[in-house]
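Residue numbers (the working numbering), protein chains in the order written: chain A, 43 to 695; chain B, 1009 to 1271.
Below: the structure, in structure tokens.
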């Protein structure tokens, strides 16, 4: 599965060590990596990188590293750690980057499962973990460390520099030790093994080939027009597939310049100094940045605050339209330009986003307001949907077609299919080879003809965009066949501050009905301002005014659902407000505060029945556990209310 | 951790029969001990035992009425603080003594002052030799910043930093002078467990990486016993114990001083 033509030139660039040789030949003086050391950004050009990789590879060969050997790499994003991956690949080995904050046990599993004989650790902290592992996993024979700090008493280990000295001696005797091995590499070889953090069971080691990675790097770069010299700050874990594609594969394939921050604590400063043109941030980071900006603006003087508020309102209206190339009136254009001068420009500079051409976020659901904040500022923020098993890229928002509710369109050569169950499947040249030593899991995930199960439920909308609605195993169907995605509906409800939790029912039923848990603080405050008296949670939850409030919000949700032809049939018809807050202590929520839908359905069976038998109220008695461990019971009548559905805007197609 | 069984043949500093009084108050009475080259030496004792006075005598801030201090083979009855600094003795203080309005970087740069040869005039103009010298010194300071892992506060005004970090900056400034003997006056006072652990690691690393001899005063007995090679115990201005941590721990006079008996 190669892209492009099969002439000799393409073949010469089918592995990273070959790409490196090519880059060192064609542009030895061009920058490849940067690292801030002793307060100054040090630039390493391709010539330097090639030499460093060659020396290290020779040193590894001298220590007995052979084709097929695995090299564990553990530490922060450092150029030398990235180079070590290429050194291992030069000898036909497979690097295995590991999350630097994993505890010794997790690391031990990876070392043992991967059968690694070699490990490279960034510093003493990581070395100590590896030494502990070595007692249990004796196959780990060689430990190499990079940072000599505090390593004076670890006589039995090798330093990075010592290994390179060994390499230099070996190369003096046999100059083509490394180049001969590089030439043996093929695109179909295993390039890397990345362990995916499974939510259940042990992590699985996804094996990706050079063909997978080189395709992904090219496809991603073509999609958004990345070019040589684009700058990137690599601050996300090296063991994560995203960093491996952006900071490693695309660095070699496209020629991106990879900048390594001084330390995890200095990322914000480094971001500002580098001013990357290509940026990735998980939603959590984007949220934190907005919170910081908001807090600092609240502390600012009146004039600054007013200016910020005024221009941000302009930006929210005009910014996304300008980015998408939609028509904007001259007055708005002028206002936006003015805002750019006094607010957005300086703010983007502070955030280190002045030069960003393409920014991605991915992972969990991103609130549209967060997404739009950056787009309003003029940062081209997009969603990306990907997986380790896909070498990242499945879908991306194309320029000019950024909709917060979707995850974009398939990247070229990616085929999408929606299974009968609603699960999203994809097939692409980036699809992983296998899970290492786990054929069972491989067969479960990947079909014989190359389709991969994502485990996510979703659909393609009329614009050809993919929408992810829920985990596939949670998605059900109403009796009339309409797709029912409980988490999708619950999340829409929880977006309202008055609603703390929601539990949606509908699988195998005629319509969707929900339990609502009010937020005591938000609703309590709302009630106080309206002189609505209440003595307890139970009493507040039962007030008709509160029911009116929640009904209004559910109607809003229904309107949103009606706007979406596939979801229109899954509007909420009946609801009730629970007289008790759902608690992890009562087993109603998991410890990470996710609702346990099945358990709640059993426990509150009389209420669920009332939602579907048309009765106006129901009696319920549930046992509760108090914080001091004593048991008690809450008993009472709960009203059930009907909500009128909206008519669908379009027929489902 | 590796058990610390180390031997130190050379004496760097020895204190002989020091007595110090302020009017009628006897702060130190007839104290003698030595500090070997390369070791971590602790001075412990209850409040008011004379620990800080002892440190002040060593770096020449107090002048004892009796006794002599031999440092690097030169015996003298008193020394001025700036002489001590020139001789390679640096210290930190119990109450942080940093320039609060200046950045971490600038504070540590002040520690390089002794190493600067160019005069005020050239430094003010910031050209020629002064500029070269500044670059040299900045390099040394950046190494210290890297060593103490305080890159993220390089440009932050020291006054805004949390206490534990200020202590670290103060250690950085003392290190900037590239001392042979580093005196630390309660380096861990007022810190939480995590900050103490960090500071312990830095003290051990300084000793290990730079071979700096360290003399520290500390209240926290656990810390002292873990990181010191030898310990001197003072109580009411008198020396009541001296030896490796295990000896000191089993010394009855020391136990009594710490548990408190009537005098």
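C-beta: ideal position from N, C-alpha, C; glycine also.
Query, Result
"By Cβ distance below 6 Å, which residues in the same chain neighbour residue 427 of chain A in space, the five residues on each side in sequence not counted?", "436, 437, 449"
"For residue 1009 of chain B, which residues from the same chain have a beta carbon less than 7 Å from its beta carbon, with the 5 sequence-adjacent residues on both sides left out?", "Note that residue 1009 of chain B has pLDDT 40, beneath the 50 cutoff, so the model's placement of it is unreliable and the number below is only indicative. Closer than 7 Å at Cβ, skipping near neighbours: no residue."
"Buried or exposed, going by whether 16 or more other CB atoms sit within 10 Å of the CB of residue 347 of chain A?", "exposed"
"Compare the C-beta of residue 1147 of chain B against all C-beta atoms of chain A and say whether one is closer than 8 Å.", "yes"
"Does the Cβ-Cβ distance between residue 161 of chain A and residue 172 of chain A come in under 8 Å?", "yes"
"Would you say residue 194 of chain A lies against chain B (beta-carbon separation less than 8 Å)?", "yes"
"Excluding the 5 residues preceding and the 5 following residue 259 of chain A in the sequence, name in chain order all residues of the same chain whose CB lies nearer than 8 Å to its CB.", "287, 291, 292, 294, 295, 296"
"Quick one: residues in its chain with C-beta nearer than 8 Å to the C-beta of residue 1204 of chain B, no 5 flanking neighbours on either side, listed in chain order?", "1196, 1228, 1231"
"Is residue 1024 of chain B close to chain A, meaning its C-beta is less than 8 Å from at least one C-beta of that chain?", "no"
"Is residue 273 of chain A helix, strand or coil by DSSP?", "strand"
"For a minimum of 4 consecutive residues, which ranges assigned as the alpha helix (DSSP H) are wholly contained in the stretch 1048-1093 of chain B?", "1059-1066"
"Keeping to the same chain, check which residues put their C-beta closer than 7 Å to that of residue 154 of chain A; ignore five residues upstream and five downstream.", "179"
"Using a Cβ cut-off of 8 Å, pull out every chain A residue sitting near residue 1153 of chain B, in sequence order please.", "80, 81"
"Roughly how many angstroms separate the alpha carbons of residue 1258 of chain B and residue 187 of chain A, rounded to a whole number?", "41 Å"
"Compute the Euclidean distance between the alpha carbons of residue 643 of chain A and residue 613 of chain A, then round it to the nearest angstrom.", "19 Å"
"Does the stretch 127-134 of chain A touch the stretch 55-66 of chain A, meaning 3 or more C-beta pairs lie closer than 8 Å?", "yes"
"Given residue 1060 of chain B, which residues of its chain have a CB within under 7 Å of its CB, disregarding the five upstream and five downstream residues?", "1102, 1193, 1225"
"Compare the C-beta of residue 146 of chain A against all C-beta atoms of chain B and say whether one is closer than 8 Å.", "no"
"Determine the closest residue to residue 697 of chain A out of A:672, A:616, A:566, with distance taken between C-alpha atoms.", "Residue 697 of chain A lies beyond the range of chain A shown here (43 to 695); nothing can be said about it."
"What does DSSP give as the partner residues of residue 519 of chain A in its beta bridges?", "A:525"
"Is it right to say residue 559 of chain A is buried, meaning 16 or more other beta carbons lie within 10 angstroms of its own, or is it exposed?", "buried"
"Check each residue of the stretch 1040-1058 of chain B: if its Cβ is closer than 7 Å to any Cβ of chain A, include it; give the result in chain order.", "none"
"Where residue 141 of chain A and residue 117 of chain A are concerned, what is the direct C-alpha to C-alpha distance, given to the nearest angstrom?", "7 Å"
"Counting Cβ pairs closer than 8 Å, one from the stretch 90-108 of chain A and one from the stretch 1149-1167 of chain B, do we hit at least three?", "no"
"Does residue 1206 of chain B come out as helix, strand or coil in the three-state DSSP assignment?", "helix"
"In chain order, what residues of the same chain lie with their CB nearer than 7 Å to the CB of residue 639 of chain A, ignoring the 5 residues before and after it?", "528, 545"
"Tell whether a beta-carbon distance below 8 Å holds between residue 698 of chain A and residue 434 of chain A.", "Because chain A here runs from 43 to 695, residue 698 of chain A falls outside it and cannot be looked at."
"Classify residue 213 of chain A: buried if its beta carbon has 16 or more other beta carbons within 10 angstroms, exposed otherwise.", "buried"
"Around the C-beta of residue 1237 of chain B, are 16 or more other C-beta atoms found within 10 angstroms, so that it is buried, or is it exposed?", "buried"
"For residue 1264 of chain B, name the three-state secondary structure that DSSP assigns.", "helix"
"Residues in the same chain with beta-carbon distance under 7 Å from residue 344 of chain A, minus the five sequence neighbours each way, listed in chain order, please.", "none"
"Is any beta-carbon of chain B found at less than 8 Å from that of residue 85 of chain A?", "no"
"Residues in the same chain with beta-carbon distance under 8 Å from residue 403 of chain A, minus the five sequence neighbours each way, listed in chain order, please.", "322, 323, 324, 325, 328, 413, 423, 424, 425, 426"
"Which residues in the same chain have their Cβ closer than 6 Å to the Cβ of residue 1057 of chain B, if we skip the five residues on either side of it in sequence?", "1242, 1243"
"Assess, as a yes-or-no matter, whether the stretch 308-323 of chain A is touched by the stretch 381-395 of chain A under the definition of 3 or more beta carbon pairs within less than 8 Å.", "yes"
"Using the beta-carbon of each residue, which ones in chain A are nearer than 8 Å to residue 1123 of chain B?", "Simply none; closest approach about 17 Å."
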